[in-house]
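*Asks:* Sharing a structure, written as structure tokens. Questions coming.
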Amino acid sequence: METKEYHIGKTVPEMIATLEKYDNECRWAVSKAVLPEIIRIASEAHFRYVEMTNDSRIANYDETGEYLQVVLRPFPNYEDMPNEELIKRYNHSSHWVF
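Residue numbers (my numbering): 1 to 98.
Right under this line is the structure:
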């Protein structure tokens, strides 16, 4: 299976702008899916905090932390990325953006 070369004819600033747009759209979609789960976990902990064991509290905090790491992970720095990596990422993400 051959990978399409979406980068042909694109400048580095155009590829960076497209990748940043893709990252923002992905973050929005993930946030929309993950935030209700974070709210559910936090709400459950709030209402059951007194009756929860210490291990349950820690597990609840760990689960919430894992979801937050997905939502809050930093974007890659495309300005400092080698061109080969930039092109690879652009070609991978472009079929989702176009």
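For every residue, glycine included, the Cβ atom is placed at its ideal position computed from N, Cα and C.
For the alpha helix (DSSP H) that contains N24, what are its first and last residues?
*Replies:* V12 to R48
*Asks:* Residues in the same chain with beta-carbon distance under 6 Å from M81, minus the five sequence neighbours each way, listed in chain order, please.
*Replies:* none
*Asks:* First and last residue of the alpha helix (DSSP H) that includes E51?
*Replies:* It is not in any alpha helix (DSSP H) - E51 carries neither H nor E in the DSSP assignment.
*Asks:* Below 8 Å, can you find three or more Cβ-Cβ pairs linking the segment 57-67 to the segment 40-48?
*Replies:* Yes, the segment 57-67 touches the segment 40-48.
*Asks:* Under 7 Å Cβ to Cβ from H46, same chain only, skipping five residues before and after it: list those, please.
*Replies:* none
*Asks:* Let me check understanding here. Comparing Cα to Cα, which of N91, P13, H92 and E66 lies closest to V34?
*Replies:* Closest by alpha carbon: E66.
*Asks:* Helix or strand or just coil, what does DSSP make of E85?
*Replies:* helix
*Asks:* So, for R89: in the same chain, excluding its five sequence neighbours on each side, which residues have a beta-carbon less than 7 Å away from its beta-carbon?
*Replies:* L19
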